[in-house]
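Heads up, the thing below is written out as C-alpha cells.
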Amino acid sequence: MDNYIPYGKQSITQQDINSVIEVLKSDWLTQGPIVSKFEQAIAAYCGVKYAVAVSSATAALHIACIAADLQHGDRLWTSPNTFVASANCGRYCGATIDFVDIDPRTYNLSIKSLKEKLEQAEKSGQLPKILIPVHFAGQSCEMEEIGKLSQKYGFQIIEDASHAIGGEYKDQSIGNCSFSEMVVFSFHPVKIITTGEGGIVVTNRWDLYEKLKRLRSHGVTKDPDLFQNKSHGPWYYQQLELGYNYRITDIQSALGLSQLQRLDNFVKQRRWLANRYNHLLKKLPLTRPWQNKATNSSWHLYVVRLQLKKITKTYQQIFEALRQTNIGVQKHYIPVHTQPYYQHLGFRWGQFPEAEKYYQEAISLPLYYGLTETAQDKVIHTLSRILE
C-alpha cells in the first residue's frame, strides 16, 4: 500500500540477504554451525553463559516452563498486559494461570499488586511456582524487587523479554539473568531484530541449558554421558523425555547474526524517535510513555494513552481515522484474562482494573528503525488534527 506507515517493520539490508544466501549455498540449512554461532553471539551480547535458539518466542516460553519443571497443578503468574503466549505456555504444561495487575505508569507488572497477591497466596497455600514478568514495550520490570520476592516466597522467574533485547536495567543488559533462571527474546519481524520467525532462551545454569537443548529437538540426546543404558554404536541416540520439534534453522540464524551487528544502531534510532515523539506530542490530550529511571528501554513500542475525557471523539473513531489515513496504529494488548478461552477458565472483566483501564485508552503509534522524520511528522500532524 502506497504511503502506508505500519506500527512496526523489519529492516533488511544487502548484508542480511548475503548472509542468508551464503547459508543456502552451504551444506547445512538446519542443525548446523550457524545456529551455535548465533546462540553464542546472543549470549555474549547479554552477558550470560548459555543460549538456546528455537522456532519462536512461544516455543522458547514453553520449553523454559518445562525446564523449570512446571507441571499439572502448579501455578504460573504473569501480566494481563501481554500477548496470550505469556500465559499459554503455562497452560501447555497443565498449570493453573493467574495474573498480576499492571503498574499505571510503566504498564509492567505492578510490584505493589504482586506483594499483596503473594501475601494472600501464602495464607491460602496457593503460591506460584513460576512468575513470568513481561518487559512491556522494551522497558524492564523492576527485577531487583521481583528477585527479592522470589527468594522470600520460593517461586522461579522466567523473564518474557520478547520486546526488550538491547534494553538495560540498572546499567546492565536485559537478559543477563541476574534476577531470574531464564530470559526469553523474540525475533518476529516487528521486534528489534528478526530471524523471520524465531526466539531464544538464555540462562546461566548448565542443567537448564542441557535440558532446553533436548526439549527443542524431541527430547533426544547423542551425549553418551546422559544415556540410560549402553550405547549401540556411533549412530546411537536416546530420547530422555518428551520434547518438541522447536528447532530454528541455519537460514534464520544467519539472518539473526547479521541483524545482531546492527542491534545497537536499531535501539539508538528507536530511542531518538521516541524522544522526538515525547517532545512533539506534549500539547496533545494524551499520556506519553513514562520511564523508570532504573531502566533504559529498547523501545519496541511507543504507546500513548488517550485522555478521552478531554476529547470529543471515541477511541474507536480515533483509531479508525488514523487507519483510514494509512497510519497503521495498533493495540497492545487486549488483556489476556478477557479472552474467551480464559473467561471459560473463570476469569472475568473487573478483576484487573488497571490493565482494563489501560486497554480502553492505549494506542501504539508507528515506531521502527526505518521510520523517517517525514513519516513521523505525518503521524503527529494527523493525530493532532483528529484529536482537535
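Residue numbering for the sequence shown follows full-length UniProt numbering, beginning at 1 and increasing consecutively.
Positions of the beta carbon are idealized from the N, C-alpha and C atoms, including for glycine.
Here the structure is a predicted model, which means the values were calculated and not measured.
| query | result |
| --- | --- |
| As an exercise, report each continuous beta strand (DSSP E) stretch of at least 3 residues that is fully enclosed by the region 37 to 94, in chain order. | 50 to 54 and 75 to 78 |
| With a threshold of 16 other CB atoms inside 10 Å of the CB of proline 33, please say whether the residue is buried or exposed. | exposed |
| What first and last residue would you give for the beta strand (DSSP E) that runs through isoleucine 97? | 96 to 99 |
| Applying the 10 Å Cβ sphere with the 16-neighbour rule, what's the burial state of aspartate 16? | buried |
| With a threshold of 8 Å, establish whether the CB of leucine 118 neighbours any heavy atom of the ligand GTP. | Ligands displayed in this structure: none; no statement on the ligand GTP is therefore possible. |
| Have a look at Ala44, Asp101, Leu371 and Ala51 and flag the residue whose alpha-carbon is nearest the alpha-carbon of tyrosine 358. | Asp101 |
| Closer than 6 Å by C-beta to glutamate 142: which residues in its own chain qualify, once you throw out the five before and the five after it? Chain order, please. | Ile111 |
| Are the Cβ atoms of isoleucine 200 and alanine 321 separated by less than 9 Å? | no |
| Nearest-angstrom Cα distance between glutamine 126 and alanine 87? | 17 Å |
| Are there 16 or more other CB atoms within 10 angstroms of the CB of proline 285, so buried, or fewer, so exposed? | exposed |
| Do you know whose CA, among Glu241, Ser298, Asp223 and Tyr244, lies nearest proline 234's CA? | Asp223 |
| Could you check how far apart the C-beta atoms of tryptophan 299 and threonine 106 are, in whole angstroms? I think they sit under 8 Å. | With 8 Å as the limit, tryptophan 299 and threonine 106 do not qualify as a contact, their Cβ atoms being about 13 Å apart. |
| Can you tell which of Phe266, Glu356, Gln317 and Glu168 has the C-alpha that lies nearest to the C-alpha of serine 11? | Phe266 |
| Along the chain, which unbroken stretches of the beta strand (DSSP E) at least 3 residues long are found entirely within the region 175 to 214? | 182 to 186 and 199 to 203 |
| Which residue's Cα is closest to the Cα of threonine 96: Glu119, His344 and Asp103? | His344 |
| Rounded to the nearest angstrom, what separates leucine 308 and glutamate 361 at their Cα positions? | 7 Å |
| Does lysine 37 have its Cβ less than 9 Å from a Cβ in chain B? | No chain B is present in this structure, which holds just one protein chain. |
| Measuring alpha carbon to alpha carbon, tell me which residue in Ser26, His72 and Leu109 is nearest glycine 94. | His72 |
| Who does serine 364 pair with in a DSSP beta bridge? | Val303 and Gln330 |
| In the structure shown, what three-state DSSP assignment does glutamine 151 receive? | helix |
| One question on the structure: do phenylalanine 136 and serine 79 come within less than 9 Å of each other, judged by their Cβ atoms? | yes |
| Pick from Pro6, Ile5, Val23 and Gly8: whose alpha carbon is nearest that of threonine 249? | Val23 |
| CA-CA distance, glycine 47 and serine 173? | 7 Å |
| Check whether the region 252 to 261 touches the region 201 to 211, taking contact to mean three or more Cβ pairs, one atom from each stretch, closer than 8 Å. | no |
| Give a yes or no on whether the C-beta atoms belonging to glycine 350 and proline 6 are separated by under 9 Å. | no |
| Just how far apart, CA to CA, sit leucine 255 and valine 35? | 10 Å |
| Excluding the five sequence neighbours on either side, which residues of its own chain have a C-beta within less than 7 Å of the C-beta of phenylalanine 352, listed in chain order? | Pro80, Phe99, Asp101, Pro335 and His337 |
| Inspect the beta-carbon positions of lysine 117 and alanine 68 and report whether they are closer than 9 Å. | no |
| Straight-line CA distance for tyrosine 304 to tryptophan 28? | The identity of residue 304 in the sequence shown is valine, whereas the question assumes tyrosine. Each residue's Cα considered, the two are about 45 Å apart. |
| Residues in its own chain within less than 7 Å of histidine 62 by CB, not counting five upstream and five downstream? | Cys89 and Tyr92 |
| Comparing alpha-carbon positions, which option in Gly370, Ile146, Met182 and Tyr153 lies nearest alanine 64? | Met182 |
| Quick one: measure Cβ to Cβ for serine 150 and isoleucine 157, integer angstroms, because I've assumed they're closer than 8 Å. | 5 Å |
| Report yes if the C-beta distance between isoleucine 192 and valine 20 is below 9 Å; otherwise report no. | no |
| Per DSSP, what kind of secondary structure is leucine 109 in: helix, strand or coil? | strand |
| Any idea which residues DSSP pairs valine 220 with across the strands? | Gln239 |
| What is the rounded straight-line gap between the Cα of glutamine 238 and the Cα of leucine 208? | 18 Å |
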